[in-house]
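Scroll down for the structure; my scribbles are underneath it.
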Amino acid sequence: MIYDIKDFLKKFFSSRLFVLAACIIILFAIVIERLFSLQIVNGADYQENFTMLIQKNLSIDASRGNIYDCNGNLIAYNQLAYSVVISDNGEYENRDTKNKELNAELAEVINVILKNGGTIYNDFPIDLNDDGTYSYNVSGTSLKRFLADVFGKDKYDKLEYNKKFDFDEANASAEDIIKYLASDEKECFAVSNEYEQQIFYDIIVIRYAIKGNRYSQYMTTTIAKDVNDATVAYMNEHSNSLTGVSIKEDTIRKYNYSEYIASLVGYTGKISTDEYNDLHEQDETYTANDTVGKSGLEQYYESYLRGENGDEQIYVNNVGKITEVISKKDPTAGNDLYLSIDINLQEATYKLLEQEIAGIVYSKIKSNELPINDVYFALIDNNVVDLEHFGQDDASDTEKNIYNKFVGEQASALGIVDSQLTSDPAMTINEMDEQTLDYFTLVMSMLKNNGIILTDKIESDDETYTQYKNGNLSPKDYLKYCISKQWIDISLLDVEDKYADSSEIYTALCQYIHTELAADKDFSKIIYKYMVNAGQVTGQEICLTLFDQSVLDYDDATVNGLKDATISSYTFIMDKINNLEITPAQLALDPCTGSCVITDVNTGQIKALVSYPGYDNNKLANGVDADYYESLRDDKSNPLWNYATQEKTAPGSTFKLVTSTAGLAEGVIDTSSVIDCTGIFHEVSNEPKCWIYPGAHGNLNVSEAIRDSCNVFFYTTGYRLSSKDSGAYDDASGISYIQKYASIYGLDQKTGLEIVERQPEIATQYPVMAAIGQSNNNITTVALSRYVTAVASGKLYDYKLMNKIVDASGNVVESYSANYTDISDILNGTQWDAIHTGMRMVCENLDSFDGFTIPVSGKTGTAQQVETRPNHGLFIGYAPSDDPEISIAARISFGYSSHNAASAARNIISYYYKEQTLDEILAAKAEGVNTSESSSVGD
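See below:
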């Protein structure tokens, strides 16, 4: 046996197995020794070094440049603030664990921010509405880009039908997208429905933003901006448990004079995907987390304002905390902009224009031309009063009383609609009373807007469709006909069987209409309108609601006076309008909008460019306040529209200076030509009348015709231009002359402004009517400003809002002066004098300028747009008459008379020349403005 063992050992040690075993033992010993050295001998040192192994490069945002007015008054600036940010650098076992833990962490952070009065930074393309539904806040290419990003496609065209979620990705609703992102699909976020809806939504908003930075692990995503000290303290105290969450010293963009200047300056916001693609192509330093100009001058001068970002190289540990800064390059601040605008004049012009508009509204209510019930309902219709609050638990007794009455009327209104859809026979459109017609007008509009009625499939020459369009068919019969013609998208109805017969489809359609109307805000407003008119909702209740909902500051004496009827609701409303505590913009009745442009005629610099109403761009910068933005979009006065640069209307008689210029330059009239106004022009078939008809102006020369704004004189001039070439009247020839001289004054082109501006349009037909500013002339206020400035100076300026650009060291980078075309040679001195004399006489004969010490020259214009609404009022002019310094162009949309626009211009000029202070003029209140009852087209 001993020999056997020896033999085995001899064979083992001489075999390859021994060599292999020896190697394994040696290697194992080395590993043991190395582990001992790493963990026991040098463990502490290696642990310290391990936490500094990851080196990263971070971008440091440059401070955006400030914006000043021409006098150095600060308009836009950066304010130090603290932001809550997160880096997606946590380590998780798997995707499910990450979703669960990260969502819980975000829920904690969100709750703290909201509890402390903060808001979540949100540029997500889907809004959570007050009623718990979701809706897109983007459209067009932006929506397509968003949908493609959600589903991980590089192009919208690659979207397809999603079998698992049962929807077409290209046509997914906002609810579909929320459901998809909240799912546990790959690249989605597995957000539990157990979270309260606001928290649920905010988690998705933040997770989607984090996903946008997924290729830059150490780039932070903003959760909230401008948080208070309590939130800062919480985040710092819990930094060890809140993975990746930290407080960042940041800046937010702030605006002074926001209401008066927002339409020019615009606002900033987080860069969108499309903006990033465009800007990054021009400048590779842009990142997906940058703040950029979104509109106005902030957007136009983005490259100047932005500055140059700095950077720092850092070490971060295994949980993403910065442990050491290796190197740092400080950012370079953006350039400062100095505008041509005088902000004090801008503010004064805005307030004086608002006062004039309020004065018109006040006078129309007082004369009963504007019924007081319309005013009460306007507060509901334009969302000044929040209808949804009426039915909430914390509603006041007054609100609850209104709501209880509404519930009964709503049931009745729905019953009327149901009856007309099911009764036999049903009333035709022409047989319906006004209230029922209002209901069904909304129903049909809703069905079209919601895609139920397929408008692109309707045959416009179809006999039944024509019968309905003419009001000779009932909605019931029309909708049944639509079903038979397959003009109804039944996929949007609750029809279980795709082979359902027409009666089943019609029943489903009726159910759809009932359900949609019951939740439709516009339907509720129609009901409230008739309740107000019938006295079921009283003026007293509406007035008290203004206090209950904090629209007005609470005042015990006034509230008690309204309750005990010692103060009537009529007196209360009139007082609030008079004092501008309720503004024309809030009422959104005619008139409620206006615009004014003031220009230095010697330099072409714009001193004020006002659009009324304005808005607070502070609420759109640094992350859009979704509720505020939605309120602006729903506001019937449309404050997001720049009425000075985007609204186009007929210029009315302000255009007669163009016709005067054309007539004099082409020799069809001269300064001594006399034309007899008989009140009617007989040379064309429609025999247009002068505004003074049945009166007549008699014999007038061109200066007197401008003074009296005589239509017949300018009809005749237009007619003579049309007959000049051949001796016989020719429309095309006449229009070509009108267009030629309108173009000389720049009325067929944009003015050159850096902000959004619509192209004016010069008439293309009917030269006789075009000669008095009618036909299809369509001109912006800023184009009228450029035109009257040219009349005053002989220079057609290219407008700019910029004065100069200055770098952070105070060096002038760019200096701007207006380029111009000299048009003074189109007329001789005597001809110019004739036009200027006529304009001077216009103001001498206007009540608005009675006793005014500053000599003003101008031209009024009243233009009709639709017969059912008041005329537009326009005034253009310059001052002083003998040595012009400024020009002014003012328009009050649906302002009844040009004399009202002239009254506003007079007050603005008075302020400019310090004839009166702003406070002195405003002290007259709405009732003290010089309103005109005239509404004649052509004056």
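Numbering-wise (the working numbering), the sequence shown opens with residue 127 and increments by one.
Quick reminder that beta carbons are idealized off the backbone N, C-alpha and C, glycines included.
Exposed or buried, residue i, counting other C-beta atoms within 10 Å across all chains shown (16 or more means buried)?
i	result
L228	buried
D283	exposed
K490	buried
M178	Because the pLDDT of M178 is 43, which lies under 50, any placement of that residue in the model is unreliable, and the number read from its coordinates should be weighed accordingly. So M178 counts as exposed.
E1148	Any question about residue 1148 goes unanswered here, given that the chain covers just 127 to 1065.
R846	buried
F176	Note on F176: pLDDT 47, under 50, position unreliable in the model; the coordinate value appears next. When all chains shown are included, F176 counts as exposed.
I378	buried
D507	buried
C149	exposed
E401	buried
I864	buried
A776	buried
With distances taken from CA atoms, which of the options is nearest residue i?
i	options	result
A747	G419, I336 and A233	G419
Q1042	S983, N366 and T979	T979
A868	S209, E707 and A791	A791
I578	A634, A1052 and T524	A634
S862	V810, G878, G789 and D222	G789
D519	N530, L783 and V510	N530
E434	A1050, T399 and N461	N461
S721	Y1038, I152 and A909	A909
D726	S919, N954 and I931	S919
V84	Y218, F315, V210 and Y430	In the structure as shown, the chain starts at 127 and stops at 1065, and residue 84 therefore has no counterpart that could be examined.
N704	Y819, I486, N297 and I236	I486
V750	I246, D187, I156 and V235	I246
S1013	G1021, K921 and G1054	K921
G1003	S1023, Q991, R1032 and S1019	R1032
K270	I898, T399, S628 and G661	T399
T543	S209, V501 and Y638	The question names Thr, yet the displayed sequence has Val at residue 543. The residue with the shortest Cα to Cα distance from V543 is Y638.
T394	Q408, E424 and D690	E424
G740	T729, I724, L766 and A752	L766
R221	D753, F315, Y696 and A207	F315
Do you know how far the Cα of residue j is from the Cα of residue i?
i	j	result
N415	D933	24 Å
I467	T994	37 Å
G258	I349	22 Å
D376	N366	22 Å
S650	I397	38 Å
N470	A202	15 Å
F975	G1054	15 Å
L599	T554	5 Å
K821	Y946	Reading the sequence as shown, one finds Gly at residue 821 and not Lys. Their backbone Cα atoms lie some 43 Å apart in a straight line.
G1021	A459	46 Å
P1010	T347	55 Å
L285	D294	8 Å
I1018	D951	33 Å
P893	S811	13 Å
S212	T369	Per the sequence shown, the amino acid found at residue 212 is Ile instead of Ser. Going from the Cα of I212 to the Cα of T369 covers about 8 Å.
N1056	T729	32 Å
S859	D851	7 Å
Would you please state the rounded distance, in angstroms, between the beta carbons of residue i and residue j? I believe it to be under 8 Å.
i	j	result
G987	S848	Going by Cβ atoms, the distance from G987 to S848 rounds to 22 Å, so no, they are not a contact pair.
I614	C608	5 Å
F839	C803	6 Å
L232	I332	6 Å
M928	L465	6 Å
A1052	Y488	4 Å
Q472	A734	5 Å
Chain B beta carbons: is any one of them nearer than 7 Å to that of residue i?
i	result
G1003	No chain B is part of this structure, which consists of one protein chain only.
Runs of beta strand (DSSP E) wholly within the segment 499-559 (minimum 3 residues, chain order): none
Segments assigned alpha helix (DSSP H), at least 4 residues, entirely inside the segment 892-969: Runs of the alpha helix (DSSP H) lying entirely within the segment 892-969 and spanning at least 4 residues, in chain order: 893-896 and 907-919.
Residue ranges of each alpha helix (DSSP H) within the segment 232-278, 4 or longer: Fully enclosed alpha helix (DSSP H) runs of 4 or longer: 266-276.
Uninterrupted beta strand (DSSP E) stretches inside the segment 819-896 (no shorter than 3 residues): Counting only runs of 3 or more, we get 824-826.
Runs of beta strand (DSSP E) wholly within the segment 446-505 (minimum 3 residues, chain order): 448-455 and 462-465
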